[in-house]
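A short worksheet on the structure shown next.
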Amino acid sequence: MEIDYKVNHPITVNQYIELMNKTALNEYRPIDDEAVVQGILNNSNLIVTAWVDEQLVGLARAMTDFYDCCYLSDLVVDESVQSMGIGKYLILVAAESVAERCKIVSLSGPKAAGYYSKIGFKEQNSAWVLTDISELVLP
Numbered sequence: 091m092e093i094d095y096k097v098n099h100p101i102t103v104n105q106y107i108e109l110m111n112k113t114a115l116n117e118y119r120p121i122d123d124e125a126v127v128q129g130i131l132n133n134s135n136l137i138v139t140a141w142v143d144e145q146l147v148g149l150a151r152a153m154t155d156f157y158d159c160c161y162l163s164d165l166v167v168d169e170s171v172q173s174m175g176i177g178k179y180l181i182l183v184a185a186e187s188v189a190e191r192c193k194i195v196s197l198s199g200p201k202a203a204g205y206y207s208k209i210g211f212k213e214q215n216s217a218w219v220l221t222d223i224s225e226l227v228l229p
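In C-alpha cells:
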C-alpha cells in the first residue's frame, strides 16, 4: 500500500469527521458541530495528511510559530491502518516543516498515553488546561 503525505493540503469538514469517526479521538473533538470543525481546520497553521489513493487515513494538525514550539493538537490514524508507522511519519513530516530546534508538544488522551513515550516523546508533569473561562481565578 502506497501512502502519500501532504503538507497543508486542503481537507473538507466531512473528511476530517469521517477520519475522526475511525479513531478513538472522536470522543474528544466536537465532530457534531461542522462550524467548529471548519474553524479548527481554517485556523490550524500546519496540517500534515496521509492518503491512500484519495482516502484520508491520517492527520497531524498543529498550531506553531515554526521556530520554538509546535503544538500537535491532533494525531489520528484510521484504526484499519494503524501499526504501520503512519503516525510516526506524520510527526516526522511536521517536524521537517518547522525549524530544527522547534519542540513538538502534544497532550494525549487517556487511550493514547502510552503511545507517545513509546515513540520517543518525554513525559512532562507541568501541563495545565483551562476548559471553562469562568473557572479562571481573578484578583
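One gets our numbering by counting positions in the sequence shown from 1 and adding 90 to each.
C-beta: ideal position from N, C-alpha, C; glycine also.
Can you tell me whether residue i is buried or exposed? The criterion is at least 16 other CB atoms within 10 Å of its CB, across all chains shown.
i: ARG191; result: exposed
i: TYR206; result: buried
i: ASP94; result: exposed
i: ASP168; result: buried
i: ASP164; result: buried
If I follow the unbroken beta strand (DSSP E) through residue i, where does it start and stop?
i: ARG95; result: The displayed chain sequence assigns Tyr, not Arg, to residue 95. Counting along the chain, the beta strand (DSSP E) containing TYR95 begins and ends at 94 to 97.
i: TYR161; result: 159 to 167
i: ILE107; result: Run containing ILE107: none in the beta strand (DSSP E); it sits in the alpha helix (DSSP H), 103 to 110.
i: ILE194; result: 193 to 196
Among the candidates the options, whose CA atom is the shortest distance from the CA of residue i?
i: ILE181; options: LEU228, SER170, PHE211, LYS112; result: PHE211
i: MET110; options: ASN132, TYR95, ALA150; result: ALA150
Using 8 Å as the threshold, is the C-beta distance between residue i and residue j below it?
i: GLN105; j: LEU162; result: no
i: THR139; j: GLY148; result: yes
i: SER170; j: LYS112; result: yes
Can you give the beta carbon distance from residue i to residue j, rounded, assuming they're within the 8 Å contact cut?
i: ALA184; j: PHE156; result: So it is not a contact: roughly 11 Å between Cβ atoms.
Can you give me the start and stop residues for the alpha helix (DSSP H) that residue i sits inside?
i: ALA217; result: Where ALA217 is concerned, there is no enclosing alpha helix (DSSP H), given that its DSSP letter is neither H nor E.
i: SER134; result: Here SER134 belongs to no alpha helix (DSSP H), and DSSP marks it neither H nor E.
i: LEU149; result: Here LEU149 belongs to no alpha helix (DSSP H); instead the beta strand (DSSP E) covers 145 to 154.
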